[in-house]
Amino acid sequence: MQFIRLLIYFFLISISSYAQSQSFIVDNTPKWVKHIEIPKKSKFSKYDISAGYYHTLLSQQYNLSENISYIRQVRNVLSHSGITNASQLSITLDTSYQNLVIHHLYILRNGKKIDRTKDLDFEIMNKEDELNFGIYSGLITAYDILDDIRKEDKIDFAYSLEGENPIFDNEKYKQIKLVSSNPTDLLSVIFVFNRSGYFQSRYYGNDSSSINRYDSSEWRYIEISKPNLDATVYDRYVPEWCLPEERITISSVDSWADVNEWAEKVFKLEEDFDPSPVFEEILLGGESKNEKINKIIDYVQDEIRYMGIEGGIGSIQPFHPNTVVAQRYGDCKDKSLLLVKLLHAIGIEKAYPVLANTITGRYLKESLPGNQAFNHVIVYFEIDSTAYWIDPTISQQGGDFQKIYTPDYKYVLVVGNESDSLTEMNKLNKAGIVRGHEVIEITKIDNPAKISITTQSKGFFADKERSILDYLPKDAIEKRITDNLKHIYPKINLISETKITDKPENNSFTMQYFLEGDDYWKEEVIEGVSYTYFWYTPWMLSSYLYTASCSEREYPYEIQYPNRLEYYIEIHLPEEVFYLDSYDCLDNDFILFEETIEQFDLKTIHAHYKYEAKQDHINADQYEAVCEEINELVKTLSIGFYFK
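Below you can see the structure in the form of structure tokens.
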């Protein structure tokens, strides 16, 4: 074990040292690159752009046969703020298989072209944005800040990245967005490949007239030209999976069956797996098959911590399960392969790694096949013809494997399954529920209120709370509760220790808070009569139901999903009141909400709320109507009590 740690340590050090010493080369523009003229006129002014600059030209050319990506940017600096933003150059690459080639840096000033290529002095920095998530990517960033950049300069910079990850067996898959967050005078995208090469392409958008296909004596071209490209502006809260952008995809892969064949080779073991160290650790003997499955899943999810070394081939090729067990860490592909092999070892033959895309999974069926179309790996297995899906990267999951919640990634590729095509997960929602019970006792007007709050989470929500408490201290959770209650009770504090009850066997997680709230009473004179009053708002609903701007939308509106809440409130008052019982309901295609308020006795009011999100978004064409319904509902959620 110590030897393995030393190997990893020296591996990381060697990559870091190599990155710091790695330099770029300067070379002429490749002969296959098509020269694109810089637009001479623009319809954009400084009032149309952000960051003080925009692209006069953005040229992206991809030689798929020679594994070269050529990028040329001509930045037009329109304001003083743009000088700072436009003068920073950065290029990210994986040095295990990519080389950086600089072609030119020209400054276009007052009609003259100044060659500043020799002045480039890139600093090489490790780009490890995901270390907090346990991922060492092996990427570096070449970064330079240009000297002497002035307002109205144009910065003409071109470079190439040479090389392709060898794990993909020279198969190509590119998806390029044909949009920009800032105006662009001309966006040019060109794919180049040998005339004998096979590639299929698919355009997504409303206007394909900008696509031009032609051949030269040696090369075949697919060219997209987008002049006068306006900035794309999105609605707020657009779901991550939504793909509204115009884009083009090109792939050398003929079918998903070919991707499956490639993936089988990636996950194939060259040497046998020995499960005995794991079984000696977690099995006592005499367990049923289901009990073994539960223990194996718990082991892979919780005992194998999430961490990945993702440089080069390691970004796709999993570690051998023997290595993962020895080092006790791995990323999604490592943990999934280990889980599959452990299931095989207890006689579950139909267990497979699954390639998934956590963002665009619902669109994969209509997308071109490609071995770079996925970003995640989970596990599928069958018992008695019943399908189960497990995500080994989710930790702290309680309960039986038959009830474990796994996100629905829609269309996935089950590696090695006989279907050799995409599979729809078709998962039932096993998310569970959150039940809140709040008791408010007011013994006398102007006295503090005694408040007890019990939240019981089941299923996915218990997993979530368990993970949060595993990461954050208890007082941080308590502060979250008191902060939420301050808009009701300006003075709020805990008066007793919070009780935590975790029952992983049935995946239930309960927290009980005991608080005291004060300064919530108000005074008002109505028609000459003085009243003391307070308004109570069901605060646990605030993250689900809130007032929003109900404007017209072009894209769907994201809502929290899955979410199921039952919320009970008991309010014990110091004097008798008369309160009309009421029932309200909002039920549409997207959410279900029920409110029942009843007078239990002359001093006690009971309120019962149910909320459920039926899907993860509201359709754009229905958003305004649903939003207005929710706004009207929110207006009536607070409960008021007046005493003379």
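With the sequence shown counted from 1, adding 136 to any position gets you the working numbering.
Just so you know, even glycine gets a beta-carbon here, dropped at the ideal spot from N, CA and C.
Runs of beta strand (DSSP E) wholly within the stretch 449-474 (minimum 3 residues, chain order)
none
Take the Cβ of Ile662 as the centre, count every other Cβ of all protein chains shown within 10 Å, and call the residue buried at 16 or more, exposed below.
Here residue 662 corresponds to residue number 526 of the sequence shown, with the count starting at 1. Looking at its Cβ environment, which holds fewer than 16 other Cβ atoms inside 10 Å, Ile662 is exposed.
Could you tell me which of Ser451, Ile452 and Ile440 sits nearest to Thr459, measuring between CA atoms?
The residue labelled residue 459 in the question sits at position 323 within the sequence shown. Out of Ser451, Ile452 and Ile440, Ile440 has the C-alpha closest to the C-alpha of Thr459.
Can you look up Trp657 in the DSSP assignment and give me helix, strand or coil?
As a position in the sequence shown, residue 657 is number 521, starting the count at 1. Reduced to three states, the DSSP call for Trp657 is coil.
For Asp410, the nearest candidate out of Phe726, Pro457 and Leu314 (CA to CA):
Here residue 410 corresponds to residue number 274 of the sequence shown, with the count starting at 1. Looking at the Cα atoms, Pro457 is the closest of the given residues.
Three-pair Cβ contact test at 8 Å for the stretch 238-246 versus the stretch 277-291
yes
Hey, is the stretch 500-520 in contact with the stretch 373-391, meaning 3+ C-beta pairs nearer than 8 Å?
yes
Ignoring anything shorter than 4 residues or poking outside the stretch 186-237, list the alpha helix (DSSP H) runs there in chain order.
Restricted to the stretch 186-237, the alpha helix (DSSP H) segments that are unbroken, complete and at least 4 residues in length are 216-222, listed in chain order.
Can you grab the Cα-Cα spacing for the pair Lys746 / Ala222, in whole Å?
If you number the sequence shown from 1, residue 746 lands on position 610. If you number the sequence shown from 1, residue 222 lands on position 86. In this structure, the straight-line span from the alpha carbon of Lys746 to that of Ala222 is close to 52 Å.
Please name the residue in Cys763, Asp371, Leu608 and Asp394 whose C-alpha comes closest to that of Ser555.
The residue given as residue 555 occupies position 419 in the sequence shown. Among Cys763, Asp371, Leu608 and Asp394, the Cα nearest to that of Ser555 is on Asp394.
Exposed or buried, which one is His171 when buried takes at least 16 other CB atoms within 10 Å?
Taking the sequence shown and counting its residues from 1, the one referred to as residue 171 is at position 35. Its Cβ having fewer than 16 others within 10 Å, His171 is exposed.
Bridge partners for Arg245 per DSSP, in chain order?
Translated into positions along the sequence shown, residue 245 becomes position 109. Answer is Lys248, bridged to Arg245.
Quick one: Cα of Phe180 to Cα of Pro319, how far?
Residue 180 sits at position 44 when you count from the first residue of the sequence shown. Residue 319 sits at position 183 when you count from the first residue of the sequence shown. So the alpha carbons of these two residues sit roughly 7 Å apart.
What first and last residue would you give for the beta strand (DSSP E) that runs through Ile628?
For the purposes of this step, residue 628 is taken as the residue at position 492 of the sequence shown. Note, Ile628: beta strand (DSSP E), Lys627 to Leu630.
Enumerate in chain order the residues of its own chain whose CB-to-CB distance from Lys249 is below 6 Å, with the five nearest sequence positions on each side excluded.
Counted from its first residue, the sequence shown places residue 249 at position 113. When the five nearest sequence neighbours on each side are left out, the beta carbons in the same chain lying within less than 6 Å of the beta carbon of Lys249 are those of Tyr242, in order along the chain.
Would you identify the three-state DSSP class for Glu400, choosing helix, strand or coil?
Taking the first residue of the sequence shown as position 1, residue 400 is located at position 264. It is helical.
Have a look at Ser391 and Ile754 and give me their C-alpha separation to the nearest angstrom.
By one-based count along the sequence shown, residue 391 stands at place 255. By one-based count along the sequence shown, residue 754 stands at place 618. Computed Cα separation, rounded: 33 Å.
Given that a residue counts as buried once 16 or more other Cβ atoms are within 10 Å of its Cβ, and exposed if not, what is Gln532?
Locating residue 532 in the sequence shown gives position 396, where the first residue counts as 1. Buried: at least 16 other Cβ atoms inside 10 Å.
Arg689 in three-state terms, based on DSSP:
Here residue 689 is taken as the residue at index 553 of the sequence shown, counted from 1. Three-state DSSP puts Arg689 in coil, outside helix and strand.
Buried or exposed, going by whether 16 or more other CB atoms sit within 10 Å of the CB of Pro626?
As a first step, residue 626 must be located in the sequence shown, where it is residue number 490. By the 10 Å Cβ count, Pro626 comes out exposed.
Output needed for Thr277: all residues of its chain with C-beta closer than 6 Å, excluding positions within five of it in sequence on either side, in chain order.
What you label residue 277 is simply residue 141 of the sequence shown in a count that begins at 1. Result list for Thr277: Ser226, Thr228, Met261 and Lys263, in chain order.
Tell me where the beta strand (DSSP E) around Tyr309 begins and ends.
If you number the sequence shown from 1, residue 309 lands on position 173. Tyr309 -> beta strand (DSSP E) spans Tyr309 to Lys313.
Output the distance between the C-alpha atoms of Val570 and Gly534, rounded to the nearest integer angstrom.
Working through the sequence shown from its first residue, we reach residue 570 at position 434. Working through the sequence shown from its first residue, we reach residue 534 at position 398. Distance between the alpha carbons of Val570 and Gly534: 15 Å.
Outcome for Ser774 when other beta-carbon atoms lying within 10 angstroms are tallied against a minimum of 16
Here residue 774 corresponds to residue number 638 of the sequence shown, with the count starting at 1. Exposed is the call here.
Candidates Thr668, Phe258 and Asn342: which alpha carbon is nearest Ile281's?
Position 145 of the sequence shown, counted from the first residue, corresponds to residue 281. Minimum Cα-Cα distance from Ile281 among the listed residues Thr668, Phe258 and Asn342 corresponds to Phe258.
Best match in His708, Tyr697 and Ile482 for proximity to Ile581 [C-alpha to C-alpha]:
For the purposes of this step, residue 581 is taken as residue 445 along the sequence shown, with counting starting at 1. Ile581 has its Cα closest to that of His708, out of His708, Tyr697 and Ile482.
Please state the DSSP three-state secondary structure of Leu379.
Counted from its first residue, the sequence shown places residue 379 at position 243. Note: Leu379 maps to coil in three-state DSSP.
First through last residue of the beta strand (DSSP E) which encompasses Arg700
One-based indexing of the sequence shown puts residue 700 at position 564. Note, Arg700: beta strand (DSSP E), Arg700 to His708.
Identity of the residue in Asn199, Phe304 and Ser215 nearest Gly333 by Cα:
One-based indexing of the sequence shown puts residue 333 at position 197. The candidate whose alpha carbon is nearest that of Gly333 is Asn199.
Segment limits, beta strand (DSSP E) that includes Thr522
Mapped onto the sequence shown, residue 522 falls at position 386. From DSSP, the beta strand (DSSP E) with Thr522 extends over Thr522 to Ile526.
Three or more C-beta pairs closer than 8 Å, one from the stretch 639-658 and one from the stretch 582-595: is that the case here?
yes
Is it true that the stretch 352-362 meets the stretch 322-331, where meeting means three or more beta-carbon pairs spaced less than 8 Å apart?
Result yes; three or more Cβ-Cβ pairs closer than 8 Å.
Closer than 7 Å by C-beta to Val476: which residues in its own chain qualify, once you throw out the five before and the five after it? Chain order, please.
For this step, residue 476 is matched to residue 340 along the sequence shown. Closer than 7 Å at the Cβ level, and outside the excluded window around Val476, lie Ala487, Tyr488, Pro489 and Val515.
Give the straight-line distance between the Cα atoms of Gln158 and Phe293, rounded to the nearest whole angstrom.
Locating residue 158 in the sequence shown gives position 22, counting from the first residue. Locating residue 293 in the sequence shown gives position 157, counting from the first residue. Because Gln158 carries a pLDDT of 43, less than 50, the predicted location of this residue cannot be relied on, and no value is offered for it.
For the alpha helix (DSSP H) that Phe596 lies in, which residues bound it at each end?
Here the question's residue 596 lines up with position 460 in the sequence shown. Per DSSP, Phe596 belongs to the alpha helix (DSSP H) from Phe596 to Tyr607.
For Pro411, the residue or residues it bridges with in DSSP:
One-based indexing of the sequence shown puts residue 411 at position 275. DSSP output for Pro411 lists no bridge partner at all.
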